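Protein chains in written order, with this note's numbering: chain W, 1 to 414; chain A, 1 to 486; chain R, 1 to 212. So the structure is just underneath, and the comments pick up after that.
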Amino acid sequence: MIKKNSLIESIFAPREKGASPAIIFITSLFLGYYLFFFNVLLSTGTEKISGAITAVFFLGLYIAMLVTGEYSRYRKIFLIAASLLMVPAFINTLIEERGTMLVNADTVINNENPFCHIVFTMTAIPLVLQKGIIFPARLSGHYASIYSMLVIWLSASLIFGRGWCSWVCFYGGWDSCFSSIGKKPALKLSYKNNHVRYFNFVMLAFVTLASLPILSAVYCELLCPFKIVTEFEAPVDIFTIVAFGFMVVTFLTLVVVMPFLTKKRFQCTAFCPFGAMQSLINKISFFRVRFDKEKCTKCGACAAVCPTLSVSPEFLENTKKTMPLTCTMCGECMNVCRQGAITYSIWGLPPLFKIKETADGSSAVLKTLREFLIALVSPKTLFPCAAFLFGTIVSGSFVRETLELIINQIIKLW
Amino acid sequence: MRKNIVPICVSVLAVLFVIAVPFSFVFGEALQGACRHLLKLRIHESYSGGRVVSSFYDPSGDDKGGGEFTYPLSEIFLPGALDIIKYTVHEPVSDYRSGDYWQCGIVLGNISSDKMFPFGCVRVSVYVDVDGAKSGSTQGLAGDEDARFDPAHPWDFAMIIDGFSTTQKIYFSDGSEPSSATIIFLPKKNRILARVLLDNKRTGALLAGTDSWHYVFTKGYDRLSAGGVLPVKETESLRSGGGNPDGGPAIYDYLLPRTTAQSGQSTPDYIAPLHCSFKSAAARIDLDALETESAAYLKKKSVDEKDTQGAPAPEGGSLQQGIAFFREGRLDEAEKILTAFSQTSEGLAYLGAVVASKGGKTESTFEAVEFVNEGFEKMDKACAMAQNDIEYITARLCRANTAIEIPEEVFHKCAQGAHDFEEAALKLRELGAVSDADFSDMLVKAAICADKAGDFAYSESLFIKAGSAGFTPYGKFEAAKRDIIL
Amino acid sequence: MFIDAILLGLASGSYCVMFCAPVLVPWFFSKQIPTAGRNALYLSLYLAGRLSGYILIGVIAGVLGSYAAGYLSAPVDRAIGGATQTLAGALLIFSGVYSLKGRCRAAGRFADSAGGAASLGFLSGMKMCPPLFAAAMRVFSGDLGPLGGGAFFTLFFIASSLYFTPLLFVFKLNKAPEYFRSGARVLCIMMGVYYIAFLGLPALFQSVPALR
């Protein structure tokens, strides 16, 4: 009896850090099935090999996440890898489609530019006023078409709002990458400077309004730092030369230098208008980060590690139970909180089920199984599963393609 | 338990959200279709140069001037290089970078030659009259002295696109200082766009949104000849065209109103201009009304087809019964019967269609992919096995009708589907076994397949072919959705 | 006739929002507007300025013979647009700088005041959009008569101004934290620079040669 209980407990009982083997098995099976479906089954020929490597890599990260309970560390590895590996695949696709990574008249006139999620911020109001999308992208029939991105964005917003920035965004990974180099910040940007994050919202208002009189996405034309790793207009006249200059300057300062100096995701925190828009959408998202103020000892560790300066002393003092709007659900604060005051939640609600204590030893098995079920359907399990799966599906094809390119190069050299 | 109902429901919802993640990607196309149906988004016209007001189509292969012109022997002159296929007139557009402009587009037969950037051998003339007989000239520019213009529509501004420069001059009939146009070459689509700045009284008149008349014609380009015009003599040589013994105008192709035959244009009469009204029906196409008409037409067609099929298929597991079961959606029964006929092309083709259709009914995505792949394997085999016209047509139509229904993003079958539809339609036409309406509809389906596969030039040519046979409401709607207005 | 005027006004309103919102929204949101009355005053002055702009551009178009021709010359439109956008940008910068840092007192005080609202309205109103041109053509065509023309234009203007009614409630943001208004002031400066550097001056430089 004791042995059977110990076995059941060792498999099903929730752990302080990390998930139980049963949960790891079930969720990995679910995740693994779809990783292999999207990356291997839907691939053809030699892409199946790179697809398999991609699926195994992602699955490995997920299992490590659940075993160690360090969601943030492995999430960061995934995000950085996906962002860096996206670039060769994306540029290769552009070169295959149109012969160059530069935006040319052909792609604009034929509405063949890839539609990026940041463009949503600038297209909503003109769509209502002028009944047209002010961006020359395909409407459908492509992974980066408008309807395709609309479905992806709607799904992400309903599920995890600004969690996009930490679990999906293939631009945010660049910020993460440079902010992870080295340990000590050369420029201390603490929660005392958290008014920096309000500039996000100023940028959102600016790009939304500035796009109206010209009926063109001003962020894409002038301000986006990530054009340097995707596509941009050839600098042939004053306007395009200025735009090119802006692109280089913003990339170097906001994406490379400032994150490296501050060890914060500076571009995401202070500049990205899409992040600001998702912050506002956080109000309707299903999964949120919950802060149990009763458990909090106000040590400030969470504020110190937050990469987007979302946690401030004022927040710690007030009675609000959900993280500020700018929280990207990265999990860094959960890693450092010794009181377990910060958790993923559904709509910011407290844990849905309470564990009953029973005196009768014969129901220990039932108790363990009940705890297992509660843990299985808890946001702590469901959110990372949903978010990680979402991110891997979005980035999987890019990672696969890049690996395919690398493998082909190796074979050629061999 | 009652206390736990709400937490249980929320937990179930949470689990559903997690499951919804992969499903939103697997069924992404269906979700996109729903969004498309609800939102009906379109790209703002300023990116493509303004809404298309009129499209004028010219038959291909008539680049023979008024008689039997031939191309020079130089390899730069690819067949069709001087053949006008289409001319589009757009609404004026406001652009914050370049200023207000008006765009016209010319599609030629073949300008993809890389021998001379970008298409070196063509000389396209565009003359526009904006005020009727009030003012203008009937004398062509240098090199176009041999062109004759309608005295009732003397041109007010003109440009000659010679293929070497991305800016061309806009000349005015009153001799005032030339303005400029930006030329954009799209050799992959055999297309040239000219964007005329509206910074002049003449060109600015287009902003008034009234009528205009356009003359569009092509000559060969020769940099070293007078006016840059390639001479057309009696016999062709390396640097001259042939088939012009009488020394008529060196114009290879004219874009004319439909009622005018090209052969008449080399006579002392004038070139007939194309009339374009900026307030024409094209600018006010009511897509919603066309969609309603199309839906009603398709519904009636489906009812008529059911009536034509008439009495229930004979019993006894015949091929006809199998096909009837397939049409009724009774896939398992159909499969059972058709398996017995899988040695014939027709049976195998329908069997393949049945198996592929099962992919749409299963809940497992894994299975769905397998079914579709298996179905297409059978249909490919059936096409290869076809020994007569009926089998050929049947196999291809089965394959094409399946291709148009399945997600293109996943299976990439539409390119083949387009060819299948076209070939089947042409074969049926050859046999005299298809009405004009059905022939046109088949070509429209081929065009839709080509569009889904991203081959827009092929799609457009199929729409034009379908339109020549006479659009049904279905074809008219699908074409209008893509700015193809015949 | 009245339905036409209202429909044209509603169509014009969508263009107005496109050109007015980028200057109006930052300016309004950067203010601490204490009461509904003051809010209504600022908005009324803005609309009055806009009406004056409409009237002036309508007269200019008439003097240039645009109604007879059926269009307003693009270089003239661009030149006027460039000049007004440059001035509007300057006003926004002064307003933002003054309210943030207290600098540029004379210009800033004006830009930040009711006079600034009226000026911004006037500069915004000087943009001849297609619905406004259509309304002006109707008014000046003569078939409506002076009273009819006046009524037509009044209805048109009221209909186009409906889009601005949400701004009557900006005073409710009075209790918003100060960083909200600081952000709006920064936005004023950014928008001002954008208007001058990317919209105003390039349009002026491009249109002047065409006007010669």
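Glycine residues also receive a C-beta, built at the ideal position from the N, C-alpha and C atoms. These numbers come from a predicted model, not from an experiment.
Exposed is the label assigned to C9(A), since fewer than 16 other Cβ atoms lie within 10 Å of its Cβ. Annotation for F78(W): the continuous alpha helix (DSSP H) segment containing it runs 71 to 98. A direct Cα-Cα distance of roughly 33 Å separates D246(A) from D174(A). The beta carbon of P273(A) sits closer than 7 Å to those of D129, D150, H153, W213, H214, Y215, all from its chain and outside the five residues before and after it, given in chain order. Contact annotation for Q206(R) against chain A: G99 [CB-CB distance below 7 Å, chain order].
Residue pairing by DSSP places E233(W) opposite V103(W) in a beta bridge.
Assignment of N4(A) by DSSP, reduced to helix, strand and coil, places it in the coil class. Against chain W, a Cβ distance below 7 Å from G183(R) picks out Y198, F201, V202. Separation of K227(W) and N92(W) (C-alpha to C-alpha, rounded to the nearest whole angstrom) is 15 Å. For M159(A), the enclosing beta strand (DSSP E) has its first and last residue at 157 to 161.
Taking a beta-carbon distance threshold of 8 Å, G70(R) counts as an interface residue toward chain A. Taking CB atoms only, A83(R) has no neighbour in chain A less than 8 Å away. At a Cβ-Cβ threshold of 8 Å, S125(A) and I76(A) do not count as neighbours.
Of all alpha-carbon atoms in F246(W), A303(W), P351(W), the one lying nearest the alpha-carbon of N4(A) is that of P351(W). With fewer than three CB-CB distances shorter than 8 Å, the stretch 285 to 302 of chain A does not count as touching the stretch 93 to 100 of chain A.
Taking CB atoms only, Y194(R) has a neighbour in chain W less than 8 Å away.
For the C-beta of C385(W), the chain A residues within less than 9 Å are, from N- to C-terminus, V18, V21. Annotated three-state conformation of C385(W) is helix, per DSSP. Distance check between S397(W) and each of I281(W), P88(W), T230(W), T250(W) places P88(W) closest, using alpha-carbon atoms only.
At a Cβ-Cβ threshold of 8 Å, S74(A) and P187(A) do not count as neighbours. For the pair D455(A) and Y33(W), the Cα-to-Cα distance works out to about 34 Å. The DSSP assignment places complete beta strand (DSSP E) segments of no fewer than 3 residues inside the stretch 337 to 380 of chain W at 342 to 346, in order along the chain.
When the five nearest sequence neighbours on each side are left out, the beta carbons in the same chain lying within less than 7 Å of the beta carbon of G69(W) are those of K17, G18, in order along the chain. Counting only residues of its own chain and dropping the five nearest sequence neighbours on each side, T88(A) has a CB closer than 6 Å to the CB of V52, S55, G105.
N318(W) counts as exposed, since fewer than 16 other beta carbons sit within 10 angstroms of its beta carbon. Within the DSSP secondary-structure output, V89(A) pairs in a beta bridge with S54(A), C104(A). In this structure, S345(A) sits near A382(A), with a CB-CB distance shorter than 8 Å.
Residue environment: A82(W) is assigned as buried (16 or more neighbouring CB atoms within 10 Å of its CB, all protein chains considered).
When secondary structure is reduced to three states using DSSP, Y171(A) falls in the strand class. Where C276(A) is concerned, the enclosing beta strand (DSSP E) starts and stops at 274 to 277. At a cut-off of 8 Å between C-beta atoms, T88(A) does not count as an interface residue with respect to chain W.
DSSP places L64(R) outside both helix and strand once states are collapsed to three, so it counts as coil. In this structure, G140(A) keeps its C-beta atom at 8 Å or more from the C-beta atom of H90(A). Checking the DSSP bridge columns, you'll see W213(A) partnered with D129(A), H275(A). Y179(R) has no beta-bridge partner at all, per DSSP.
Any Cβ of chain A closer than 8 Å to the Cβ of Q278(W) would place that residue at the interface, and such an atom is absent.
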